[in-house]
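Chains B, D, U and E, in that order, are what the protein sequence lines are. If you're matching positions, the first sequence starts at 4 in the working numbering and goes up one per residue. If you're matching positions, the second sequence starts at 4 in the working numbering and goes up one per residue. If you're matching positions, the third sequence starts at 4 in the working numbering and goes up one per residue. If you're matching positions, the fourth sequence starts at 4 in the working numbering and goes up one per residue. C-beta atoms are modelled at their ideal positions from N, C-alpha and C, and glycine is treated no differently.
Number of protein chains: 4
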Amino acid sequence: MQSIGVGLIGTGYMGKCHALAWNAVAPTFGDVTRRPRLVHLAEVNADLAAQKAGEFGFEKSTGHWRDVVADPEVDIVSITTPNAFHAEMAIAAMDAGKHVWCEKPMATSMADADAMLAAARRSERVTALGYNYIQNPAMRHMKALVDQGAIGAVNHIRIEMDEDFMADAKAPFGWKSEAGSGHGALDDFGVHPLSLLTVFFGRVARVVADLAKPYPSRQTADGTSRAVETADIANILFRLEDGVSGVLQLNRSAWGRKGRIAVQIFGSEGTIAFDQERMNELQIFEARGPVANQGFRTILTGPVHPPYARFVAAPGHGLGFNDLKVIEAREILKRVAGEPAHIIDFETGHSIERTVAAMARSFETGGWTDVGSS
Amino acid sequence: MQSIGVGLIGTGYMGKCHALAWNAVAPTFGDVTRRPRLVHLAEVNADLAAQKAGEFGFEKSTGHWRDVVADPEVDIVSITTPNAFHAEMAIAAMDAGKHVWCEKPMATSMADADAMLAAARRSERVTALGYNYIQNPAMRHMKALVDQGAIGAVNHIRIEMDEDFMADAKAPFGWKSEAGSGHGALDDFGVHPLSLLTVFFGRVARVVADLAKPYPSRQTADGTSRAVETADIANILFRLEDGVSGVLQLNRSAWGRKGRIAVQIFGSEGTIAFDQERMNELQIFEARGPVANQGFRTILTGPVHPPYARFVAAPGHGLGFNDLKVIEAREILKRVAGEPAHIIDFETGHSIERTVAAMARSFETGGWTDVGSS
Amino acid sequence: MQSIGVGLIGTGYMGKCHALAWNAVAPTFGDVTRRPRLVHLAEVNADLAAQKAGEFGFEKSTGHWRDVVADPEVDIVSITTPNAFHAEMAIAAMDAGKHVWCEKPMATSMADADAMLAAARRSERVTALGYNYIQNPAMRHMKALVDQGAIGAVNHIRIEMDEDFMADAKAPFGWKSEAGSGHGALDDFGVHPLSLLTVFFGRVARVVADLAKPYPSRQTADGTSRAVETADIANILFRLEDGVSGVLQLNRSAWGRKGRIAVQIFGSEGTIAFDQERMNELQIFEARGPVANQGFRTILTGPVHPPYARFVAAPGHGLGFNDLKVIEAREILKRVAGEPAHIIDFETGHSIERTVAAMARSFETGGWTDVGSS
Amino acid sequence: MQSIGVGLIGTGYMGKCHALAWNAVAPTFGDVTRRPRLVHLAEVNADLAAQKAGEFGFEKSTGHWRDVVADPEVDIVSITTPNAFHAEMAIAAMDAGKHVWCEKPMATSMADADAMLAAARRSERVTALGYNYIQNPAMRHMKALVDQGAIGAVNHIRIEMDEDFMADAKAPFGWKSEAGSGHGALDDFGVHPLSLLTVFFGRVARVVADLAKPYPSRQTADGTSRAVETADIANILFRLEDGVSGVLQLNRSAWGRKGRIAVQIFGSEGTIAFDQERMNELQIFEARGPVANQGFRTILTGPVHPPYARFVAAPGHGLGFNDLKVIEAREILKRVAGEPAHIIDFETGHSIERTVAAMARSFETGGWTDVGSS
C-alpha cells in the first residue's frame, strides 16, 4: 500500500486527537488507498516533541515547526497550535506544497482569515478545518433525513451550544477573558453551530446579536479585580439566505452543560432534535400515520448510519468524540485522492468567520446586520 | 362554612377548567374559609348554558352574560370567553362590585388592557388573570431554590414555548392566521413565559424580536390561497431591568411539541431546567461537592413541594394540568380573604401586555426597543 | 338529571381521592346519566367526619360506618379504610343492596377475599376495586396498540414497581414491618402490576418468588432493635396461562423511586415501555420501515387517547394521579347503568389475590408454584 | 521505548476491535512502558490475513493460527475467534509461554473452561478475558461511589441486558438457534452482567432461572420449519454470597434495544443506575440533604473519571465502545508489567462460567440451585 507522509504541529488536546486519528484511520476504514505514515512532529519544546513522537508513533521530532513544513517526506500537515498561529503556519505549509488540516477556528482576525483563503486559492492543495461535529453519523443521518423530506421543508432552526468551563465566578481572570482572545462565546463556540448550519442548511444572511457578561469582573492573581473583556454568553437571531429563521444560543458559563450542542430543526412535516452530549442519538418527529401514535422517535446510531459500521458491527454500542476525528481524517484522505469528501475547506471556513464578524458588528451597532459575501 | 357565590361566563375549554376548579378547590384544600357556591353560568346559547349548568353543577343558567354580572348572589366572576370580550366583561363585572378571574391574555389591544387596568384601579375588588403555569409546585420550588441561592445569582434565562397546532401546512386558513387575532405566537404564547419571568425574575426592560411565518400562505375553503397575516414563530432577545440577558423562543408550528414550556435558568453556582411537558419534574445542577459527582438532578415533585400534598399524599404520583387551576382558585380565594396570594393581577398583567407590545414594535422597527412603564 | 347516592367510609388519602372523584366525575364527563349526590360520610371520629363532610361536600356524616351502609339514600359505598376492614364493610354493603367501590387490595387474607367473592356472587350489585392505574389513557392506549398488532404477538413482560417509603434504614419499626400487615412488597405492591397483567394480558399460571429484607431489623421507639417480619423486596418469575414469560420486581425500599411502575412489553414486531412516574408518556418501538429510522417513539397522551379529552382539550398538557380516580368513577357509573365498563370487579380481584398467595407459597417452598383457579 | 510483540488470531468484529486497541493504546495513554508492536496476524484465509495485516498494521500474516502461537517475536496473543476455538488456542498459547487476551466467554463447555483454567494455573503468564464493559469510566466511578459509601450498604441489584438481533420472527433459522451454540441468551449475554457483578459486588451463590423461547420455531432455507433449540430470553433470581438479592434479565429478541445493559444498584442510602446505551452517563440518588431537593443526578463522565482524561480533555464529550477496549489493553499491559490491573483473568472468568452453568441446571431442575466453587 502507498503511504502518505503526515506532519503534526502541536501536541496538546487537539494534537493528540489528530495523532490518534492518523493512527486509527487505516485500521478503522481498511479501504484507505494511502496509509498515513507518521513522519514528523513539532512542539515548541524539543524534549517534549521527542517524548510525544514516541508516544504517538512519529518517526522524527523537532522544536521548530518549520522543519515539518520543509520536510519533503511530509505530504500533509496537521496544525493544532493556538489559533493565533494558524495563519502563519497554514500559509507556510500551503506555500510549501503541503495539504493542510488546520484546527478551527481559522484565525483570530478577519485579516488572517483573508490571507489564509488567498493562500488556499493560489495553492492546489487540499485544505480542511477541524469541524469534526459534522462527521457524526447522527449528524449525517439528520442531513439525509432532511434531504429525503422526512420533515418536509425546513422552516426554523435553533442551536444551543453550552459548556461550563467559564461558569465558576470565583475562577481567576484568565486569557479567555482578555479581548485579545476574541469576543468570547461568540467566536469560541459560534463557529461550531455555524459549521453545522453552513454545511447542512446554507449560509447566514442577516443577524442580530446580544453579548452578555455573566461576571463583569474577575479576581486576578494579585488579589485585585479586573474587568472581563469578553462575553461568555452570546445570543443571535438570524436569517439564512433563503429566509429561514433561526436562533443561536452560546454560553460557556452554563453550569452543568459539558458538551451540549442542542439542535432543533423544524420542518413542515416534522421536527428533528439532537444533542451532542448524547451524540449517538437522534430524535425525529414525523407528522405521519395515526395522530394517536405519533411522537418523537429516538434513533440510536448503528451500522446502517455510515460510517458507524467501520467502527462497530453492532448498533447502539456508541461512538466517541475521538472517533469523529478519525472520520474527518478519512474524509481528508478522500479529498487528497481526488474523491468527493465531506469537509469544510478554507473557502467555506472563511464564510463562517465572516458570519461571526457580522454578529460582532451587530452587537456593536445594536441592530440587524448583513453578513455579506467573500 | 360561609360560601362565596361564583359566576361563570363561557363554557369552552377554559370555562370547563374553571368549573372543575370551583368544584374541586374546597375538597382539595379543606381550609377554604368560604366554600364556592356555583351560582350562575352564562353561555351565548341558552340551551347549552342550561346543559352545562347541569354538568358543572351551577344553580342557574342564562344566555346573557350581563345576568351573571348583575346577579347579587354572585361574588366572583370567571371570564373564559374569547379574548376580544375580556375587557367589556371584566370592566362590567368590576364596576358591578364583583371580583374577577379572567383568562389570559388580558385583551387583544393595549387600549383594552389600559381600560381594564383603569377599572381595576378604581375598583376595590380582586383581579386575577389565568396564568396557571406559575401555580405548578415545580415552578414554585424553582423560585424557592433560586431565592435560597441554590444556583447563586441568576445571570441568564432561556424560555421556549412550543406547540404544534399551527404546524400542519395543509390545514386551511383559519382565524388564527388573521391579523385581527393578534401577532401570532408572540402574543398567543409570549404571555406565558412572560408570566413566569415577571413573577419570578422581574420585568423586561429591552427587547429585539424576529417574527417569522413558516407558511406564507394557506388554502382557503374555496380552494384559493390566502396570505397568512400572523407569525407562528417569534424569537426575542431581551434584557431584564437588572441587566440579566435572556432569550424567548415561541413556535406554535413546532411539530411534535404539545405543551412544551422549556425553561433554563443559569446562575453563578448552578442551573435549573424545567419543561412543562414533564410538569412534575425539575432539574437542578449545583456546582457543589466533588466535581466527579456533580450532575443535573431530577427532582420529582411530592408532598414537600406545596401545595402538592393537598392533592396526593405520595410523592412522584403526579399532578395534572387541571390541578394547576385548582391551586389558582385557592390563591384567588386567599386574596379575596385578604391574605397574601400568589396571583397575577391586572396590574402585573398589564405590564406583560406592554412587554408584548414592545416586542411587536421591535420587529416593525428592526432594532432594540424599550418596554417603558405603565 | 337523576342522581345516585354516594356513601364514603374513610377520609384518609384514598377517602379524599374518592371524594374528589365523586365531585369531579359529572363536570368532567358531562354525559353521566345519574349525577353523584354526596350523601353520607363515615369516619371513626365523628367530629372529623363532620369536618370532612363539610370539606368534601357530603350532606351527612357519622362516626359509625354501618350508618352509611344502612342509609336508604345511599346507592353506592366507597370503602377506603385500612385493608383489614374491607371484607366486613364490603360484605355488609353488598348484603344491604349497595354497589361497592372498595380500595385495593381486596383483603388481608384469602379467607376474607373468598368471603367477599361469595358475597359479590350472591349479590346483584356492582363491585369494583380501586385499581386506578388501568384507567390511565396511556395504559389504555398501550392495550389498544397491542390489540391492533402494533408490536405483533406479545412474548415477554417485565414490570417493576418501586417506591422508597421503606428505604430509610434508620426509620423506626412500624406496622408495615409486622407480619400482620402481609408479606411486604409482595402484596403491598404486587397487586398493581397484577391488575395490569390480568386486565391487559391474561392470568398468571405459574410463579417462582424470592422475598428479601434489605434491613433485617429496625429500631423501636424504646431504643431496642426488632426483627423485621415483612420483605420490602420481592421478585417473581412468572408464566401466563398462554406460556408468555415475565418478571415482576417489587421494591418499597428503592431510594429515589417515588411512584415507579415501569412496564416493558416485548412482542414479535415491537416493544412498548411505560413508567408511571411519567404517566402521560408511552414509548413504542415498531420494527417497521427503514432500519435507519427506527427507534423508540415517545407518545405524549392527548385528546386522541380516550378519555383524555374529557379533562383537557390540548395534547401534552398532562393528567394527574387524581384524574385516574375520576375515570374509575366514570367506569363504575357505566357499570351501574348496565353499560360495558373497564373495571376490576371482585371476581377478577380475587384472581389477583390468589396469584399473590401463590407467590408467597413459592417463596416458602422454594420452587415453581401453580396459581390454580377460584 | 521497549516493545511488546502482539499476535492476533481472528479478524472479525472483535479482531478488528483488538487491532484498533493495540494501535491506540500507546498514543492514548502515553505512559505505556512497552509499546505494542503488531507482529503477526492469523486468519483462516491467508489472502484475507494478508489484507487485514495491511489494514491493521501487522508485520506478518498467516493462514495458520499456530504460526502466531509459535512466533518467538510474539509476547501476547489476542484470541478473537468463535467461542468454540478459544480453549485450544488459549491453551496452546499459554503452553507456548505467551500471555493471552481471549474474548469472552471463555468456552462453550465447562470442560473446556476447566482445561483453560488448569492451563492458566500451570502457566505463569497473564490471562485476560475481553469483558470490556467493566473498563467504562462510568462503571468504575459507580464502583468508587459504592466503595465511598455514597449509597450506603448495597442491598439489591437488578441488571437487564437486551439487544434485538434475534427479535425478527421471520429471520431464518441460524446457528444461534442451534443447541450447539449454547443455551441462548443465558450464556450469550449472561456473562456480561456477571462480569460486572463479580468484579464489583461479589460472587453469586444461588440462582433460579427461567429460559423462554419467544419463537418456538423458525423457517429454514428450504422453506420448512425447524424447532428452535436455544432460549432467546433468560431471567434469573439470584443471591450473592453475602445474601444480597438480585435479578438478571437477558433478552436477545428485545426489539429496539441495541446495546442495553441497564443496571440498578439499591443501597441503604441511595440508588445508582446506569445504561450502556448511554455509556457516558451515570445516575445516582443520594438520600441526603433536604428531601425537597433530592433526586436522581445524571453524572456525565469527564476527565475527573479515570481514565477518561487520557482520551479527551473536556468533560461530556463522550467515549465510545472501542475506547473501552483501549482501556482494557492498557490494563493488560499493566498486568504484564507486574502492576495491579483491573482485568478478569481466567480464574475469575471460570467462576462466571460456573455461575452460568448453575443457571442452566436450575432451569432443568426447576428450582433454586447452588453455584458451588471451583
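message: Any C-beta of chain E within less than 7 Å: which residues of the region 306-333 of chain D qualify?
response: V307 and H308
Residue from U:W104, U:K261 and U:K63 with nearest C-alpha to L41 of chain U: U:K63
- prompt: Quick one, which of E:L327, E:G177, E:R263 and E:P75 has its alpha-carbon nearest R229 of chain E's?
  reply: E:G177
query: Quick one: Cα of G369 of chain B to Cα of R209 of chain D, how far?
result: 12 Å
query: Thinking C-beta only, is V374 of chain B closer than 8 Å to R357 of chain B?
result: yes
message: Can you check which of these residues, E:G133, E:N238 and E:M109, is closest to R122 of chain E by C-alpha distance?
response: Before going on, a small fix: residue 122 of chain E reads as Ala here, not Arg. Per the Cα distances, E:M109.
- prompt: From the beta carbon of T84 of chain U, is the nearest beta carbon of chain F less than 8 Å away?
  reply: Although the question refers to chain F, the structure presented lacks it and instead comprises the protein chains B, D, U and E.
- request: Round the Cβ separation of G249 of chain B and H159 of chain B to the nearest angstrom and send it over; I've been treating them as touching at under 8 Å.
  value: 6 Å
- prompt: Hey, is E127 of chain U's beta-carbon within less than 8 Å of any beta-carbon in chain D?
  reply: no
- request: Please classify G270 of chain D: does DSSP put it in a helix, a strand, or coil?
  value: strand
message: Let me make sure I understand the geometry here. Which of U:K216, U:R242, U:P310 and U:G270 has the alpha-carbon closest to that of D245 of chain E?
response: U:K216
field: Counted within 10 angstroms of its Cβ, other Cβ atoms place G152 of chain B as buried (16 or more) or exposed
entry: exposed
message: Just to make sure I have the definition right: I need the residues of chain E whose C-beta is within less than 8 Å of the C-beta of F269 of chain B. Which are they?
response: None at all; the shortest Cβ gap to chain E is about 25 Å.
- prompt: Does the beta carbon of R209 of chain D come closer than 8 Å to any beta carbon on chain U?
  reply: no
- request: Spell out whether any CB of chain E is found under 8 Å from the CB atom of V250 of chain U.
  value: yes
D348 of chain B in three-state terms, based on DSSP: coil
field: When E:V329, E:V247 and E:D191 are compared against A234 of chain U, the one with the closest alpha-carbon
entry: E:V247
task: Find the nearest neighbour of D191 of chain E within the set E:A172, E:F203, E:D167 and E:G205, judged by alpha-carbon distance.
output: E:D167
task: Could you work out which residue in U:A90, U:I12, U:V202 and U:A361 is closest to A114 of chain U when comparing CA atoms only?
output: U:A90
task: Note down, in chain order, every chain E residue with its Cβ under 8 Å from the Cβ of H89 of chain D.
output: Within 8 Å Cβ-Cβ: nothing; H89 of chain D doesn't reach chain E, min ~37 Å.
- prompt: Which stretch, first to last residue, makes up the beta strand (DSSP E) that contains F241 of chain B?
  reply: I236 to L243
query: So is P217 of chain U in contact with chain E if we call contact Cβ pairs under 8 Å?
result: yes
task: Report the rounded CA-to-CA distance for Q5 of chain U versus G60 of chain D, giving the unit in angstroms.
output: 13 Å
query: What's the gap between the Cα of M92 of chain B and the Cα of I82 of chain B?
result: 7 Å
task: Please determine, among U:A363, U:A317 and U:G323, the residue with the shortest C-alpha to C-alpha distance to A182 of chain U.
output: U:A363
message: Please state the DSSP three-state secondary structure of S220 of chain B.
response: strand
message: Whether or not the region 124-139 of chain D and the region 332-349 of chain D are in contact is what I'm after, with contact meaning three or more pairs of Cβ atoms, one per stretch, closer than 8 Å; do they touch?
response: yes
task: Taking the CB atoms as reference points, tell me whether I2 of chain B and I268 of chain B lie closer together than 8 Å.
output: The structure shown does not extend to residue 2 of chain B, since chain B is modelled only from 4 to 377, so the question has no answer here.
message: What residue range does the alpha helix (DSSP H) around F3 of chain D cover?
response: Residue 3 of chain D cannot be examined here, being either before or after the span of chain D that is shown, 4 to 377.
query: Under a Cβ-count criterion, where at least 16 other Cβ atoms within 10 Å of its own Cβ denotes burial, should R291 of chain E be classed as buried or exposed?
result: exposed
message: M282 of chain B and L199 of chain B - do their beta-carbons sit closer together than 8 Å?
response: no
query: At what residue ranges does the region 292-335 of chain D contain a whole run of the beta strand (DSSP E), taking only runs of 3 or more?
result: 299-303
query: Any residues in the region 229-240 of chain E with a beta carbon nearer than 7 Å to a beta carbon of chain U? Which ones, in chain order?
result: I236, N238 and L240
- request: Check whether the Cβ atoms of M145 of chain B and L285 of chain B lie closer than 8 Å to each other.
  value: yes
- prompt: Listing by chain order, which chain E residues have their CB less than 8 Å from the CB of E289 of chain B?
  reply: Here the premise fails: no neighbours, minimum Cβ distance about 17 Å.
- prompt: Beta carbon of Q297 of chain B, beta carbon of I302 of chain U: below 8 Å?
  reply: yes
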